[in-house]
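Numbering (my numbering), first residue to last: 2 to 68. Ideal Cβ positions, reconstructed from N, Cα and C, are used throughout, including at glycine. Accompanying notes for the structure given below.
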C-alpha cells in the first residue's frame with residue numbers, strides 16, 4: 002500500500018496532508034470511484050478525508066448487514 006501511495010502521489014505536493022488524505026488521493030489517481038466503510042474510531046480520519054471528494058462512499062453500519 003505504501004508503494005501505491007508513493008506512486009499515486011508522485012509529483013504532488015504533500016505538505017500539510019495527512020496519511021488519510023494521501024490514501025484518498027492515491028485512490029482517486031488510480032481511478033477508484035467507490036469505497037466501502039464501516040464507521041468507527043479507527044476509521045474516522047479516512048472518513049473525514051473522503052468528505053467533499055469525488056469518491057462515492059457507501060457507509061455500512063454493521064458488518065453482517067453490509068454483506
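With 16 other Cβ atoms within 10 Å as the buried cut-off, status of residue i
| i | result |
| --- | --- |
| residue 50 | buried |
| residue 28 | buried |
Spatial neighbours of residue i in its chain, beta-carbon cut-off 8 Å, leaving aside the 5 residues before and after
| i | result |
| --- | --- |
| residue 44 | 38 |
| residue 62 | 39 and 40 |
| residue 19 | 46 and 50 |
Chain-order list of residues whose beta-carbon lies under 6 Å from that of residue i (same chain, five-residue window excluded)
| i | result |
| --- | --- |
| residue 67 | 61 |
| residue 59 | 37 |
Own chain, CB closer than 7 Å to residue i, minus 5 neighbours either side, in chain order
| i | result |
| --- | --- |
| residue 34 | 56 and 57 |
Proximity to residue i [Cα-Cα], best of the options
| i | options | result |
| --- | --- | --- |
| residue 54 | 17, 4 and 32 | 32 |
| residue 21 | 64, 46 and 65 | 46 |
Heavy atom of the ligand ADP within 7 Å of residue i beta-carbon
| i | result |
| --- | --- |
| residue 43 | Only the bare structure without any ligand can be found here, which leaves the ligand ADP out of the picture. |
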